[in-house]
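In order, the protein sequences belong to chains A and B. If you use this note's numbering, the first sequence corresponds to residues 7 to 104, in order. If you use this note's numbering, the second sequence corresponds to residues 83 to 721, in order. Beta carbons: idealized from backbone N, C-alpha and C, even for Gly. The block underneath contains the structure these notes are about, expressed in structure tokens.
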Amino acid sequence: MTTHYLVLSGLLFAIGAMGVLIRRNAIVVFMCVELMLNACNLAFVAFARQNGNLEGQIIAFFVMVVAAAEVVVGLAIIVTIFRTRRSASVDDANLLKY
Amino acid sequence: MESPAEIVQHTAGGMIGASWLMIAFPLLGAAILLILGRMTNRWGHLLGVAMSLASFVVAVLTFLELIGLPADQRRQAVRLYEFIPGMVDMGLLIDPLSISFALLITGVGSLIHIYSIGYMAHDPERRRFFSYLNLFVAAMLLLVLAHNYVGLFIGWEGVGLASYLLIGFWQFKPSAAVAAKKAFIVNRVGDFGLLVGMFIILATFHTLTFSDLGAQIAKSPPSGGAITAIGLLLLLGACGKSAQLPLQSWLLDAMEGPTPVSALIHAATMVTAGVYLVVRSGAFFFPPDSAQALAVSIVGAATLLAGAIIGCAKDDIKKGLAGSTMSQIGYMMLGAGLGPVGYAFAIGHLITHGFFKADMFLGAGSVMHAMNDEVDMRKYGGLRKFMPLTFVTFFVGYLAIIGFPLLSGYFTKDGIIETAVHHQPILGWLAVLGAGITGFYMSRMVFMTFFGEKRWEKDAHPHESPAVMTWPLILLSIGAVFLGGYLILSNRLMDFLAPAVGAPPLSERPEFDPFSTAGLATLALVAVGAGFAWVRYGRAEVPAVAPRGSFLTTFARRDLFGDALNESLFMRPGQWLTRFAVYFDNRGVDGLVNGLAAGIGGTSGRLRRIQTGFARTYALSILFGAALLAGALLLVGNI
């Protein structure tokens, strides 16, 4: 039973990772990051169910709290970048380099 | 064999207790003249002379007090202060040997100070000259009066410094500047020997004080390799200071200094410091047939011949006299190497040589003064009528040095020769030969300068020197006449020095024998040499330009190729070494360091291209990194 959850979790994680790597739009990249976090949450909860304790579920809540905080900061940054550069592409924001 | 008397600690005060004034006066003079500088220009030379004379007075009074003591009390150690805590107490040793030197240094030194007033009258830097002369007198007195090797070494270096400053006194002349540096550097070689010798003494006997050393050596006579090493290293020091083979090359160049300097430092006193060192360290050159004592004699005999041969070919009057100085110090070394039987003659010759050689150097200075500083004897000639006083005093010095009967050199040099013939026959007969050559080259000098036709430059107007220059000449030539006979006849000097340096037992002390084989042979050879010089340079015309001469002449003119030898043996390899070091530094060390820096710079220049600024590239590398870590952990099976 747990295996199915884990396979789903792995797939979601892979999709999220691929999205982070290949998409340019910052909003989409951001959503993909959320997807990766939630893939992890699924794995935690699945393991918690298999082991019959609560630690995994508690961690999942923590991840959600962190993700919520991240959304606040991340969206603010994206909006600010969009305002100054008139673009939400992560490739355009490449000033910090050699 | 009568061994030296024990050194007693002096407690009574008096003149011996105040003998440090001897050093303090000239040191004070030098300090005043150097610190106050140009303010003292007007009276500086008078202060210099006064300080030197004051030192002489102290020396005479100390001498009088010393001879008032019984013979076995005549080695008085005066403690001054603690110099190196627990190791060296600075102190003076007043004994017959040191006081003889002190009298010579301050006496002849004062006369040369007085002479310099006239000789340097037209030099704008006369005050500086006198400050250096005073510094020299102070250092030389410390050298001979010090009660331990540390004090001796300080004086030894002090006279080296004064010699350097005075040879290079006219430093605007490149030749003088180079000669000063050469003297300093060659002397460093000798000083190294002396220093290492002192280290071995300290390691072997745990003291550097003469009285403690004397007590230890008297308790258990030393033997073995350490003593031989000490002796040979001290000999190396003596060779450097006294211009003995193989460290002789600096003395001829040192003639670039003003003539009074040549007379005082490079004839009468400083260059004899090596003889003093050997005689003072007699215990390390004992017994007289030991290797180190034999080495002293051999060095002396070789140098007396080398100096004489060099003297034969020099046309520069001062360099001729310098060759002669080398040769005469060779005699002293030969005598000093023979042990207590030769000490009195070596010191006697040293004292009389101080007088007649200073006399001749100052005479040469007087001639140069009259001839617009010309030193080439081929441009002199016939000067005896124009400078009668200089001629007479120079001639007296000349007779004394060639050993004309009843003059100073006759007694002292003959003493060395006869003692040497008796104890080291081969070296002794070489010394006889050297005396013959001395007769030739000194006669050549006198004939070329004072006799024959005038060969002057057109603007030369020779005149007699002022009284301030001629009086020292007269006083020195009086010493050159009488001193030798006074010191040597009835062994006066030997008896006087016996408490300090030892002497043969009373029954075996040599009687002066005017008709010994060696003595007669010496006189005959000297006569032959002088006669030959008369034929070549007195009767015959002296060419104004030096003829090319045979190989032997070139050999002597070029100082027996001493400079060439030093150059090819030491200077060139040294240059190669420095060139290699420079190459190694530029290419090796610098190459390594610069290469490393360039490598790191280049690598980082390329590596920084990784920072593209594309967030997705970083994300990819993070992913790969995480995958790699996870894979590695899986592989080692730690999960």
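Between which two residues does the alpha helix (DSSP H) harbouring residue i extend?
i, result
"Ala82 (chain A)", "61-91"
"Arg55 (chain A)", "32-57"
"Ile399 (chain B)", "399-418"
"Glu500 (chain B)", "490-505"
"Leu717 (chain B)", "697-718"
"His451 (chain B)", "422-452"
"His10 (chain A)", "8-28"
"Asn216 (chain B)", "208-227"
"Gly561 (chain B)", "549-570"
"Leu247 (chain B)", "231-249"
"Leu327 (chain B)", "Neither: Leu327 (chain B) is in no alpha helix (DSSP H) and is coded neither H nor E."
"Arg120 (chain B)", "Here Arg120 (chain B) belongs to no alpha helix (DSSP H), and DSSP marks it neither H nor E."
"Leu359 (chain B)", "355-362"
"Asn269 (chain B)", "256-287"
"Thr385 (chain B)", "373-395"
"Tyr104 (chain A)", "Premise fails: Tyr104 (chain A) is in no alpha helix (DSSP H) and is neither H nor E."
"Arg574 (chain B)", "574-583"
"Tyr480 (chain B)", "470-484"
"Phe292 (chain B)", "292-301"
"Ser101 (chain B)", "First-last for Ser101 (chain B): undefined, no H or E at that position."
"Thr341 (chain B)", "341-345"
Give the range of the beta strand (DSSP E) segment to which residue i is assigned.
i, result
"Val170 (chain B)", "170-176"
Tell me, to the nearest whole angstrom, how far the beta carbon of residue i is from that of residue j; I am working on the premise that it is less than 8 Å.
i, j, result
"Gly99 (chain B)", "Val160 (chain B)", "6 Å"
"Glu535 (chain B)", "Gly620 (chain B)", "Not confirmed; about 11 Å, so no contact."
"Asp645 (chain B)", "Ser331 (chain B)", "6 Å"
"Cys38 (chain A)", "Gly25 (chain A)", "3 Å"
"Met352 (chain B)", "Leu223 (chain B)", "Not a contact, Cβ separation roughly 12 Å."
"Ile499 (chain B)", "Ala600 (chain B)", "5 Å"
"Thr531 (chain B)", "Val449 (chain B)", "6 Å"
"Thr341 (chain B)", "Leu444 (chain B)", "7 Å"
"Tyr246 (chain B)", "Ala259 (chain B)", "That pair is no contact at about 10 Å."
"Leu509 (chain B)", "Ser379 (chain B)", "5 Å"
"Leu276 (chain B)", "Leu327 (chain B)", "Going by Cβ atoms, the distance from Leu276 (chain B) to Leu327 (chain B) rounds to 17 Å, so no, they are not a contact pair."
Excluding the 5 residues preceding and the 5 following residue i in the sequence, name in chain order all residues of the same chain whose CB lies nearer than 8 Å to its CB.
i, result
"Ala440 (chain B)", "Val190, Leu193, Ile194, Ala345, Leu346, Ala349, Ala350, Leu558"
"Leu109 (chain B)", "Asn216, Leu217, Ala220"
"Leu295 (chain B)", "Ile283, Phe287, Thr289, Ala365"
Give me, in chain order, the residues of the same chain whose beta-carbon lies closer than 7 Å to that of residue i; leave out the 5 immediate sequence neighbours on both sides.
i, result
"Arg69 (chain A)", "Note on residue identity: the sequence assigns Val, not Arg, to residue 69 (chain A). Excluding positions up to five away in sequence, the list reads Leu43, Cys46, Asn47."
"Met172 (chain B)", "Leu162, Tyr163, Phe165, Gly233"
"Arg209 (chain B)", "Leu115, Thr122, Asn123, Gly126, His127"
"Ile236 (chain B)", "Leu224"
"Ala66 (chain A)", "Asn47, Phe50, Val51"
"Met524 (chain B)", "Ser406, Tyr480, Ile483, Ile484"
"Ala373 (chain B)", "Thr310"
"Asp496 (chain B)", "Gly485, Gly601, Thr604"
For residue i, which residues of its own chain have a beta-carbon under 6 Å away from its beta-carbon, when the five flanking residues on both sides are left out?
i, result
"Leu489 (chain B)", "Leu481, Ala482, Val563"
"Met527 (chain B)", "Gly402"
"Ser15 (chain A)", "Ala45, Leu48, Ala49"
"His545 (chain B)", "Ala452"
"Gly306 (chain B)", "none"
"Thr51 (chain B)", "What is shown of chain B runs 83 to 721, which leaves residue 51 (chain B) out entirely."
"Gln56 (chain A)", "Thr8"
"Val140 (chain B)", "Leu103, Met104"
"Phe53 (chain A)", "Gly62"
"Ser293 (chain B)", "Ile89, Ala159"
"His505 (chain B)", "Leu420"
**Prompt:** Three or more beta-carbon pairs under 8 Å between the stretch 445-460 of chain B and the stretch 517-524 of chain B, yes or no?
**Reply:** With the rule of 3 Cβ pairs closer than 8 Å, the stretch 445-460 of chain B does not count as touching the stretch 517-524 of chain B.
**Request:** Enumerate, from N- to C-terminal direction, the unbroken beta strand (DSSP E) stretches of 3 or more residues contained entirely within the stretch 139-205 of chain B.
**Result:** Listed in chain order, they are 158-166, 170-176.
**Request:** Assess, as a yes-or-no matter, whether the stretch 559-571 of chain B is touched by the stretch 92-100 of chain A under the definition of 3 or more beta carbon pairs within less than 8 Å.
**Result:** Contact fails: fewer than three Cβ-Cβ distances are below 8 Å.
**Request:** Can you check the stretch 609-693 of chain B for any alpha helix (DSSP H) of at least 4 residues that lies completely inside it and give the ranges in chain order?
**Result:** The stretch 609-693 of chain B contains these whole alpha helix (DSSP H) runs: 633-639, 644-648, 654-665, 672-689.
**Message:** For the stretch 313-328 of chain B against the stretch 406-418 of chain B, do three or more pairs of beta-carbon atoms, one drawn from each stretch, fall closer than 8 Å, so that the two count as touching?
**Reply:** Taking one beta carbon from each stretch, the stretch 313-328 of chain B and the stretch 406-418 of chain B have 3 or more pairs nearer than 8 Å; the two touch.
**Request:** Check whether the stretch 224-236 of chain B touches the stretch 269-282 of chain B, taking contact to mean three or more Cβ pairs, one atom from each stretch, closer than 8 Å.
**Result:** With a cut-off of 8 Å, the stretch 269-282 of chain B and the stretch 224-236 of chain B count as touching, because enough Cβ pairs lie within range.
**Asked** How do the stretch 174-183 of chain B and the stretch 530-544 of chain B stand: do at least 3 beta-carbon pairs fall below 8 Å, yes or no?
**Response** Touching, no, given that fewer than three Cβ pairs across the two stretches are closer than 8 Å.
**Item:** Segment contact, 8 Å Cβ cut-off, at least three pairs: the stretch 572-592 of chain B with the stretch 148-158 of chain B
**Value:** Counting Cβ pairs under 8 Å, three or more are found: they touch.
**Prompt:** Counting pairs of Cβ atoms below 8 Å between the stretch 624-640 of chain B and the stretch 388-396 of chain B, do you hit three or more?
**Reply:** Between the stretch 624-640 of chain B and the stretch 388-396 of chain B, the count of Cβ pairs shorter than 8 Å is three or higher; the stretches touch.
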